[in-house]
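Numbering (full-length UniProt numbering), first residue to last: 1 to 203. For glycine and all other residues, C-beta sits at the position ideal for the given N, C-alpha and C. In this text, all values refer to a predicted model and were calculated from it rather than measured experimentally.
And the structure:
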């Protein structure tokens with residue numbers, strides 16, 4: 001037993017709409033959109049093709065005077081992590097001055113250090129990765145050791161910074177390295193440190 005109305009029986013309307021085509025009104029198929037990213041993950045967020053789509057980032061600064069040091073082999077130590085309220089991109093080993101990648105992916109990295117160097121005519125900063133194929137972001141800046149217009153307190157302050165995209169595997173270690181005899185600038189205001197190490201996952 002069927003039900004009928006002004007538009008005909010229910011079964012009749014269902015037959016006319018088979019395969020997305022309403023034979024009574026339109027002969028063209030109705031487009032069915034599908035999300036190329038696939039099904040949604042926990043919390044309703046879309047999952048990307050390369051993982052769960054979660055963002056990850058870490059930000060470090062050197063803020064304590066006693067921590068501004070260059071260790072063995074020129075490894076810069078004393079980094080302190082700032083809270084970002086999101087998944088961490090790396091974890092930091094204070095003893096070794098090493099950053100370890102938490103998840104594989106493509107990362108953007110930025111590192112800046114301000115030197116107070118009165119002896120060398122140049123300063124340098126390298127961020128180097130471990131592994132079979134080491135990667136390096138490198139900065140080298142040259143300066144005169146004698147002020148041309150007389151001594152002033154900022155003449156010996158020499159910044160160096162590196163940035164770039166790196167494809168990193170989980171467990172890859174990174175170090176910020178400089179010359180073993182170079183001295184970092186003493187931070188006057190801990191809330192505005194010139195020494196920065198930032199990294200975030202872009203894919």
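Determine the DSSP secondary structure at residue i, reduced to helix, strand or coil.
i: residue 192; result: helix
Measure the C-alpha to C-alpha separation of residue i and residue j and round it to an integer number of angstroms.
i: residue 187; j: residue 61; result: 11 Å
i: residue 40; j: residue 87; result: Low local confidence applies: a pLDDT of 43 at residue 40 is under 50, so the model's placement there is unreliable, and no value is given.
i: residue 80; j: residue 63; result: 7 Å
i: residue 185; j: residue 199; result: 22 Å
i: residue 110; j: residue 139; result: 12 Å
i: residue 194; j: residue 72; result: 22 Å
i: residue 107; j: residue 127; result: 13 Å
i: residue 179; j: residue 74; result: 5 Å
i: residue 217; j: residue 182; result: Outside the displayed range of the chain (1 to 203) lies residue 217, so it cannot be described from this structure.
i: residue 168; j: residue 105; result: 6 Å
i: residue 85; j: residue 161; result: 26 Å
i: residue 99; j: residue 119; result: 30 Å
i: residue 173; j: residue 129; result: 6 Å
i: residue 122; j: residue 203; result: 36 Å
i: residue 201; j: residue 142; result: 32 Å
i: residue 136; j: residue 124; result: 13 Å
i: residue 132; j: residue 165; result: 18 Å
When burial is assigned at 16 or more other CB atoms within 10 Å of the CB, is residue i buried or exposed?
i: residue 83; result: exposed
i: residue 77; result: buried
i: residue 58; result: buried
i: residue 117; result: buried
i: residue 176; result: buried
i: residue 56; result: buried
i: residue 97; result: buried
i: residue 89; result: buried
i: residue 157; result: exposed
i: residue 112; result: buried
For a minimum of 4 consecutive residues, which ranges assigned as the alpha helix (DSSP H) are wholly contained in the UniProt domain "THD" (66–202)?
none
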